[in-house]
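Novice: Counting in this note's numbering, the final residue of the sequence shown is number 142, and the numbers go up one at a time with none missing. All residues carry an ideal CB built from backbone N, CA and C; glycine is no exception. For reference, the structure I am asking about is given below.
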Amino acid sequence: MEHNSKVAPGWNDPPVLNYSSSNPPPKSRIMNKRVAFPLNTNNVPGSSIPSSSSMPPLPQPQEDMFQATRQRLQGLFQNEEALYQFCKDWQDDKINEDCKRTVYYLGKYLSENNKGEAEKMKLKLCSSYKDVCQSWLDFIKF
């Protein structure tokens with residue numbers, strides 16, 4: 001009893017390979033085709049500049065951010081030397097951008113008398129940036 005019926009290969013069956021050199025595989029099966037980078041920089045009809053209303057607001061300039069933070073925290077430092085160290089660290093860029101933003105919000109929340117959020121910001125500074133702000137953070141009391 002001869003069984004010559006062809007069965008469709010399963011999803012995990014290996015491909016049937018032809019080992020003769022007379023029939024190379026077709027070029028359409030090659031998977032590493034590359035696309036050239038477009039040389040002209042004209043606007044593509046599908047891509048447009050997003051409107052300013054959908055974009056996040058621009059960050060506040062560093063000097064304005066520093067002045068606002070310093071003014072808000074100035075009365076809260078128990079030690080004048082700690083305030084001086086804070087200002088020096090900020091201006092010497094020893095404080096990274098995320099830490100500066102957190103200190104800014106700490107001052108903002110304290111000026112709004114929102115002690116719960118201010119406590120969260122101080123806790124974030126203590127846990128995430130202790131090495132950066134340990135010389136002055138403990139002197140901020142509210």
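Could you name the residues that DSSP lists as bridge partners for Ile140?
Specialist: Position 140 of the sequence shown holds residue 140. Looking at the DSSP assignment, Ile140 forms a beta bridge with Phe77.
Novice: Tell me whether the beta-carbon of Cys99 lies closer than 8 Å to the beta-carbon of Cys126.
Specialist: Translated into positions along the sequence shown, residue 99 becomes position 99. Translated into positions along the sequence shown, residue 126 becomes position 126. Result no, Cβ atoms of Cys99 and Cys126 do not sit closer than 8 Å.
Novice: Please confirm whether Gln67 and Trp136 have their CB atoms less than 8 Å apart.
Specialist: The residue labelled residue 67 in the question sits at position 67 within the sequence shown. The residue labelled residue 136 in the question sits at position 136 within the sequence shown. No, they are not a contact pair.
Novice: What first and last residue would you give for the alpha helix (DSSP H) that runs through Ser214?
Specialist: Nothing about residue 214 can be reported from this structure: the residues present for the chain run from 1 to 142 only.
Novice: Is it the case that the stretch 77–91 contacts the stretch 111–129, given that we only count it when at least three CB pairs across the two stretches are under 8 Å?
Specialist: A contact is defined here as three or more CB-CB pairs under 8 Å, and the stretch 111–129 fails this definition with respect to the stretch 77–91.
Novice: Quick one: is Leu73 buried, meaning 16 or more other Cβ sit within 10 Å of its Cβ, or exposed?
Specialist: Start at 1 with the first residue of the sequence shown, and residue 73 comes out as number 73. A buried status is given to Leu73, since no fewer than 16 other beta-carbon atoms sit within 10 Å of its beta-carbon.
Novice: For Arg34, name the three-state secondary structure that DSSP assigns.
Specialist: Within the sequence shown, numbered from 1, the residue matching residue 34 stands at position 34. It is coil, neither helix nor strand.
Novice: Would you mind reading off the limits of the alpha helix (DSSP H) that contains Val103?
Specialist: Here residue 103 is taken as the residue at index 103 of the sequence shown, counted from 1. Glu97 to Ser111 is the span of the alpha helix (DSSP H), which, as asked, contains Val103.
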